[in-house]
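If you're matching positions, the sequence shown starts at 37 in the numbering used here and goes up one per residue.
Everything on this sheet refers to the single structure shown next.
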Amino acid sequence: MDLLYMFQGIGTLFAQEPNIVIGRIVLMFFGMALVFLGSKHILEPLVMIPMGFGMAAINAGMLFLDANTVGNIIINPLVTETNSLISILQINVFQPIYTFAFSNNLIACIVFMGVGVLCDVGYVMKYPFTCMLIALFAELGTIATYPIAIAMGLPPAHAAAAAIVGSADGPLVLFSSLMLAPELFVPIAVIAYLYLSLCYGGYPYIIRLLIPKEYRGIKIKVTAKSTDVTSQEKLIFSVIACTVLCLLLPAAAPLMLSFFLGVAIRESGVTAYINMIESTFLYAATFFLGLMLGVLCDANTILNPTILPLLILGVIALGLSAVGGIIGGYFIYFINNKNFNPTIGVAGVSCVPSTAKIAQHEVTAVKRATIILQYAMGANICGVMTSAILTGIYITVIPMLAK
């Protein structure tokens, strides 16, 4: 027994319930697998490598906190009482990051600001009707999953938080779950980011299933020369769009501010700010986001009975969003006299820039000379906007329905 107490990570395996022990072991290996798949770029390495390390470490690093309690000295997301929180902040090594940057959506907003710096809204302004229509179709998962979740017995706030997984926008999912269902924040955040990385592997198969090769290879004929959008026009657009959307949906104002501020900084040409946000803030926030998600994946959380409905709803939401986007691509194809590639539709799902890259990759695999990236990026950026708007609507309307 003394030996087991000396090696407490192993010793705690003999002190917990069998299902928790099995869960810990599975999650340790799963974390290792995420690191490997991330390093091979099969899954998104920026999130998966720190997430995999965190997942393996949190499930391996359990110890006896007292005679009757097994826990860790890495993080405790369930502490809310003030005195306990002050105490735990001085003990758990990553508790300050979780409390002061993760659980209040600061990291999510920094990531959104970085996304804004990376996005060229000129694509949206060049093809506004096409991009916005595709983005609206790609919200099918976010909209249709809500009644499905209600039918499965979830309360409205939980149903809305689960439905927003269909937006495929990690920061939005974090933001909405904290606003609508804070008690489900940890499982929804973990599920969302696991699924978002798996989308990179799953969406190509949906494209191949629903879009025949001859449609994937369509090259869009440019009938009229489009005028380049100037930086000043993009800057004016970002300021007006931010102000109007914050006025209409103040519940989503932090996200709107972060995204459009990033866009404005990009277009203003302030190199110091661009480098700071793109090279430092965005990567640092993404790293700690992945790490926090990993250390939140302890067996007790993952084996919570509420996880199963969320797992099912997450798959449904993301699958429906891809299907909806492709339907939108076909719709534009038919109303535009068949001068459109329906593969662009999947880019309306707002996982920037992954879904746009997936669309271009699938097109290139059929016909190397076909370039759709400018249209795909426009739909992708519109997807960010429509997802943020829909999130704001959910956050505003759901509490009103509960009254």
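For glycine and all other residues, C-beta sits at the position ideal for the given N, C-alpha and C.
Query: Other residues of its chain near Ala29: CB distance less than 8 Å, five sequence neighbours each side excluded; Result: In the structure displayed, the chain extends from 37 to 439; residue 29 sits before or after that span and is not available.
Query: Met161 and Phe273 closer than 8 Å at C-beta; Result: yes
Query: Through-space distance from Leu339 to Val58, alpha-carbon basis; Result: What sits at residue 58 in the sequence shown is Ile, not Val. Near 10 Å, if we compare the C-alpha coordinates of Leu339 and Ile58.
Query: Exposure of Tyr241, with buried meaning 16 or more beta-carbon neighbours within 10 Å; Result: exposed
Query: Selected residue, minimal CA-CA separation from Lys249, among Gln44, Glu398 and Phe89; Result: Glu398
Query: Length at least 4, wholly inside the region 164-238: the alpha helix (DSSP H) runs in chain order; Result: 164-173, 176-187, 192-199 and 206-216
Query: Sub-8 Å separation of Leu210 and Ala193 beta-carbons; Result: no
Query: DSSP-derived helix/strand/coil call for Phe130; Result: coil
Query: Rounded Cβ spacing between Ile122 and Gln131 (contact assumed at less than 8 Å); Result: At roughly 10 Å, the Cβ-Cβ gap does not stay under 8 Å, so Ile122 and Gln131 are not in contact.
Query: Residues sharing a beta bridge with Phe100, DSSP; Result: Val106
Query: Below-8 Å beta-carbon distance, Tyr182 vs any chain B residue; Result: Protein chain content of the structure displayed is limited to a single chain, and chain B is not contained in it.
Query: Cβ-based burial, Pro286 [other Cβ within 10 Å; buried from 16]; Result: exposed
Query: Those runs of the alpha helix (DSSP H) which lie wholly inside the region 245-323 and span at least 4 residues; Result: 249-252, 267-284, 289-304 and 307-311
Query: Buried/exposed call for Asn108, threshold 16 Cβ in 10 Å; Result: buried
Query: Beta carbon of Glu314 nearer than 8 Å to that of Lys270; Result: no
Query: Residues near Asn336 in its chain [Cβ-Cβ closer than 7 Å; skip 5 each side]; Result: Ile56
Query: Backbone CA spacing between Gly67 and Ala353 [nearest angstrom]; Result: 24 Å
Query: Integer Cβ distance of Cys235 from Cys387, believed to fall under 8 Å; Result: 6 Å
Query: Proximity of Gly298 and Val153 at Cβ, strictly below 8 Å; Result: yes
Query: Thr116 in three-state terms, based on DSSP; Result: coil
Query: Exposed unless 16 or more other CB atoms sit within 10 angstroms - verdict on Val111; Result: It should be noted that the sequence gives Ile, not Val, for residue 111. Buried, because 16 or more other Cβ atoms sit within 10 Å of the Cβ of Ile111.
Query: Helix, strand or coil at Ala405 according to DSSP, with G and I counted as helix; Result: coil
Query: CB of Thr116 within 8 Å of CB of Leu356, strictly; Result: no
Query: Reduced DSSP category for Val433 - H, G, I as helix; E, B as strand; rest coil; Result: helix
Query: Three-state class that DSSP yields for Asn416 in the structure shown; Result: helix
Query: Same chain, Cβ closer than 6 Å to Lys255, neighbours up to 5 away in sequence not counted; Result: Thr406
Query: Endpoints, alpha helix (DSSP H) assigned at Thr337; Result: Ala335 to Ile338
Query: CA nearest to the CA of Ala195, picked from Ser212, Ile310 and Gly206; Result: Ser212
Query: Three-state class that DSSP yields for Phe50 in the structure shown; Result: helix
Query: Nearest candidate by alpha-carbon position, reference Cys145, set Glu219, Gln268, Phe72 and Ala288; Result: Ala288
Query: Beta-carbon proximity of Met84 to Gly45, cut-off 8 Å; Result: no
Query: Where Glu80 falls: helix, strand or coil (DSSP); Result: coil
Query: Residue of Gln268, Leu284 and Tyr430 minimising C-alpha distance to Gly305; Result: Gln268
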